[in-house]
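Colleague:
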Amino acid sequence: MNLAEFAIRQRTFVAFFTVLCVIAGIASYFKLGKLEDPTFTVKSAVVVTLYPGASAKEVEEQVTDKIETKLQEMATLDELRSLSKPGMSMIFVDLAETTTSSELPQQWDLLRRKVNDGKLLLPPTAQVSIVQDEFSEVYGMLFAITSDDIPMAQLKDYAQELQRRLKAVKGIKKIELHGVQQQVVNIDLPEERLARYQLSAAQVISQLNSQNAIYDAGRFKAGIERVRVEQTVSSSRLMISPTS
Numbered sequence: 000m001n002l003a004e005f006a007i008r009q010r011t012f013v014a015f016f017t018v019l020c021v022i023a024g025i026a027s028y029f030k031l032g033k034l035e036d037p038t039f040t041v042k043s044a045v046v047v048t049l050y051p052g053a054s055a056k057e058v059e060e061q062v063t064d065k066i067e068t069k070l071q072e073m074a075t076l077d078e079l080r081s082l083s084k085p086g087m088s089m090i091f092v093d094l095a096e097t098t099t100s101s102e103l104p105q106q107w108d109l110l111r112r113k114v115n116d117g118k119l120l121l122p123p124t125a126q127v128s129i130v131q132d133e134f135s136e137v138y139g140m141l142f143a144i145t146s147d148d149i150p151m152a153q154l155k156d157y158a159q160e161l162q163r164r165l166k167a168v169k170g171i172k173k174i175e176l177h178g179v180q181q182q183v184v185n186i187d188l189p190e191e192r193l194a195r196y197q198l199s200a201a202q203v204i205s206q207l208n209s210q211n212a213i214y215d216a217g218r219f220k221a222g223i224e225r226v227r228v229e230q231t232v233s234s235s236r237l238m239i240s241p242t243s
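In numbering that gives the first Met the number 0, the protein residues as written are 0 to 243.
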């Protein structure tokens, strides 16, 4: 007796078994695990290096090839793809499918170490390589801090305080601030005044950069202790005398 003949002869049993399978399937569907923000693993990264003033061929020969040589030492590497264009090198790194999500942090750390090793082989004018490996991260919530009468500097302080408190909440991995306006001071350097004092723009910039530098003013003994001397002389009282 074949299956078709059995189904015809035992129609009641077949109908009961079919209904039972449908009910079990519906019950299993509603018991499936569900996540509002499911996690997924992206095993790709991008290494970006700037080389201002270089042609595409120079970028490929002096930057891309050297970094790729270092990255090829990774055992979990699956594929390397690169794009060299004037002034910029982009290397796309794909890890093997066998790499688990728990191994990714270690592999990305190894990737950064390989990139740092490759920096020693790059031209002096090549800028720091940037490794982007956070493609799988998504923002679950966005908060906006706005005001019509509070200065932007004070809003920034509020945002940083909120960021500090939210980081203490369990389950939050990362918080970033966007739209923060950095405070700047614009300095105009008239060429006639620079010529009058026989100064160059580079000298003025160097002096400005040294204003906030911290230097060791020394220490003195007070009994069994050595007390650090702090710098308290203001620039307006500082006098420079020519040496003979």
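Even for Gly, the Cβ is constructed at its ideal location relative to N, Cα and C.
With which residues is F12 paired in a DSSP beta bridge?
Modeller: Answer is none; F12 lacks a bridge partner.
Colleague: Confirm the yes/no value for this check: CB of R111, any heavy atom of the ligand NAD, distance under 8 Å.
Modeller: The ligand NAD is not part of this structure, which contains no ligands at all.
Colleague: Suppose the cutoff is 8 Å on Cβ atoms and the five residues either side in sequence are ignored; what does the same chain contact list for T68 look like?
Modeller: Here the set comprises G117.
Colleague: Looking at L109: is its Cβ nearer than 9 Å to the Cβ of V130?
Modeller: Not a contact, by the Cβ cut-off of 9 Å.
Colleague: Expressed to the nearest angstrom, what Euclidean distance is found between the alpha-carbon atoms of Q126 and L49?
Modeller: C-alpha separation (whole angstroms): 5 Å.
Colleague: What's the call for K220, buried or exposed, on a 16-neighbour Cβ count within 10 Å?
Modeller: It is exposed - the Cβ of K220 has fewer than 16 other Cβ atoms within 10 Å.
Colleague: Taking its Cβ as the centre, do 16 or more other Cβ atoms sit within 10 Å of I90, making it buried, or is it exposed?
Modeller: Buried is the call here.
Colleague: Give the straight-line distance between the Cα atoms of R80 and S54, rounded to the nearest whole angstrom.
Modeller: Each residue's Cα considered, the two are about 19 Å apart.
Colleague: Taking the C-alpha atoms as reference points, what is the distance between A216 and V226?
Modeller: Going from the Cα of A216 to the Cα of V226 covers about 11 Å.
Colleague: Among residues of its own chain, excluding the 5 on either side of K155, which ones have a beta-carbon nearer than 6 Å to its beta-carbon?
Modeller: Correct list, in chain order: V179.
Colleague: Buried or exposed for A26, going by 16 or more other Cβ atoms inside 10 Å?
Modeller: A26 should be labelled exposed.
Colleague: Report buried or exposed for L267, applying the criterion of at least 16 other Cβ atoms within 10 angstroms of its Cβ.
Modeller: This structure does not reach residue 267, given that the chain is present from 0 up to 243, and the question cannot be answered.
Colleague: Out of V183, E229, A14 and S43, point me to the one whose CA is closest to T98's CA.
Modeller: Considering only alpha carbons, the answer is S43.
Colleague: Is it the case that the Cβ atoms of G32 and T124 are separated by a distance below 9 Å?
Modeller: For G32 and T124, no; Cβs fall outside 9 Å.
Colleague: Rank L94, V58, G86 and G24 by C-alpha distance to the C-alpha of V41 and give the top, closest one.
Modeller: Of the candidates L94, V58, G86 and G24, the one whose C-alpha sits nearest the C-alpha of V41 is L94.
Colleague: If V203 and R218 are in contact, beta carbons under 8 Å, what's the gap, nearest whole angstrom?
Modeller: V203 to R218, Cβ: 33 Å. No contact.
Colleague: Please check the pair E72 and K113, which I expect to be a contact at CB under 8 Å, by giving their CB distance rounded to whole angstroms.
Modeller: Between K113 and E72 the Cβ distance is about 6 Å, and since that is below 8 Å, they are a contact.
Colleague: With distances taken between CB atoms, is the gap from V92 to L121 smaller than 9 Å?
Modeller: The answer is no: Cβ separation not under 9 Å.
Colleague: Looking at the secondary structure, which residues open and close the alpha helix (DSSP H) in which I66 lies?
Modeller: Residues D64 to L70.
Colleague: Hey, would you say I171 sits closer than 9 Å to S128, going by beta carbons?
Modeller: No, they are not a contact pair.
Colleague: In chain order, which alpha helix (DSSP H) runs of at least 4 residues are fully inside the segment 53 to 133?
Modeller: Counting whole runs of 4 or more residues, the segment 53 to 133 contains the alpha helix (DSSP H) stretches 55 to 58, 64 to 70 and 103 to 118.
Colleague: For S88, which residues of its own chain have a beta-carbon under 6 Å away from its beta-carbon, when the five flanking residues on both sides are left out?
Modeller: Only T48, V58, V62 and T63 meet the Cβ criterion.
Colleague: Can you find the residues in the same chain that come closer than 7 Å, C-beta to C-beta, to A6, ignoring five residues on each side of it along the sequence?
Modeller: For A6, where only same-chain residues beyond five positions count, the Cβ hits under 7 Å are V13.
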